[in-house]
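Heads up: the structure comes next, in structure tokens.
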Amino acid sequence: MSSPVVILGFAGSLRKGSYNKALLRAAVELAPKDAKLEIFDLEGIPPFNQDLEVQMPERVREFKARIKAADAILLATPEYNYSIPGVLKNAIDWASRPYGDNSFEGKPVAIVSASTGMLGGSRAQYHLRQTFVFLNMYPINRPEVFVTFAGEKFDENGRLTDEMTRKLIGELLQNLVAWTRRLRKE
Ligand SMILES: Cc1cc2nc3c(=O)[nH]c(=O)nc-3n(C[C@H](O)[C@H](O)[C@H](O)COP(=O)(O)O)c2cc1C
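At position 103 of the sequence shown (counting the first as 1) the number is 1205 in our numbering, and the numbers step up by one without a gap.
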């Protein structure tokens, strides 16, 4: 039997009650049986400073190692001012460095987003997809998971209650696992 697909998920929000962090927790429950979803919290990743990219801060080293050890990546992004939150872009920038040691190289990736607005973070998702070109990542195209009006889709404990969104996340993860296995030529 082939080995489980290890997916590393991280959210572009540091907020305790973050809807995007809650989406990752839902994804852990909804992941297919032949996959394991681990979550990395971006808390403690400092602002990027190119002077430090050879002697990287410990938390960044840990982040890079976790990405490299994963077979696939799941990003949960808020949308800030129609784009990627600085916290997420900052973490991606660290992990892509130093030149020649891009931790994301060749990794399959899927995106989910939640926002309190009516477009559910779609603009941030398309900006993220642009970064995948230079990062040389292989994104899943469908289904697109945009959680609109997020305040209505989680209960008071931060559990995703919207059945349609749960179904879509399940499908997205199945597709990510199948895509990862295809890239591994299994
Ligand atoms: C600085 C800032 C900018 C925002 N800009 C947008 C935006 O462009 N589009 C949108 O749908 N929501 C926007 N929002 C609202 C976020 O969708 C909302 O705060 C969301 O809960 C953030 O994700 P989180 O719950 O994972 O922290 C913005 C929020 C902040 C704090």
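Yeah, the Cβ is synthetic: ideal placement off N, Cα and C, and Gly gets one too.
In the structure shown, what three-state DSSP assignment does residue i receive?
i     : result
G1111 : strand
K1138 : strand
T1263 : coil
I1175 : strand
F1251 : coil
F1256 : strand
Output the boundary residues of the alpha helix (DSSP H) element that contains residue i.
i     : result
F1234 : S1224 to L1237
K1123 : Y1121 to L1132
Count the other CB atoms within 10 Å of the CB of residue i; is the residue buried (16 or more) or exposed (fewer)?
i     : result
G1146 : exposed
T1179 : buried
K1287 : exposed
T1267 : buried
T1282 : buried
A1171 : exposed
Which two residues bound the contiguous beta strand (DSSP E) that contains residue i?
i     : result
I1194 : From DSSP, I1194 is part of no beta strand (DSSP E) but of the alpha helix (DSSP H) over G1188 to A1197.
V1079 : Absent from the structure is residue 1079, since the part of the chain shown begins at 1103 and ends at 1288.
Report back the beta-carbon spacing between residue i and residue j to the nearest angstrom; my notes put them in contact at under 8 Å.
i     : j     : result
G1222 : V1249 : 5 Å
T1218 : A1167 : Not a contact, Cβ separation roughly 34 Å.
I1213 : L1190 : In fact, because the Cβ distance is near 11 Å, the residues do not count as touching under 8 Å.
P1200 : V1156 : 6 Å
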